[in-house]
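Reading through the structure tokens given below for one structure.
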Amino acid sequence: MANAWYTYNGTGDPTLASSYSKLTGKPICLSGTVVCAIYAPAGGLFPFSPLSANILCYIDDGLSTLVPQPQLPAGTKYFVYMRQP
């Protein structure tokens, strides 16, 4: 299944697929206090629901550390980007 970038709407629960909409390019955000975007299995306008356990873990880690996730191993592709509100 192909992945796509989805931007967080900023008002819904960041753990729900319905809180995201498809992004036409790569996000320009990186670090901050709120979720900016996720790279998740493509489900059309919204990511495939429910979000995978890995994505949910990365969202939780991003909200805790305020940096994109995952951080390990070094050089790993980020699946969750953060931003400033």
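Residue numbers 59 to 143, in our numbering, belong to the letters of the sequence shown in order.
C-beta: ideal position from N, C-alpha, C; glycine also.
None of these values were measured; they are calculated from a predicted model.
- A direct Cα-to-Cα measurement between GLY70 and TYR139 gives close to 16 Å.
- Rounded to whole angstroms, the separation of the alpha carbons of LEU109 and GLN129 is 19 Å.
- The distance from the Cβ of PRO72 to that of TYR66 is about 6 Å, consistent with a contact at the 8 Å cut-off.
- Going by DSSP, ALA98 is part of the beta strand (DSSP E) stretching over 92-99.
- When rounded, the separation of the alpha-carbon atoms in THR82 and THR134 is 22 Å.
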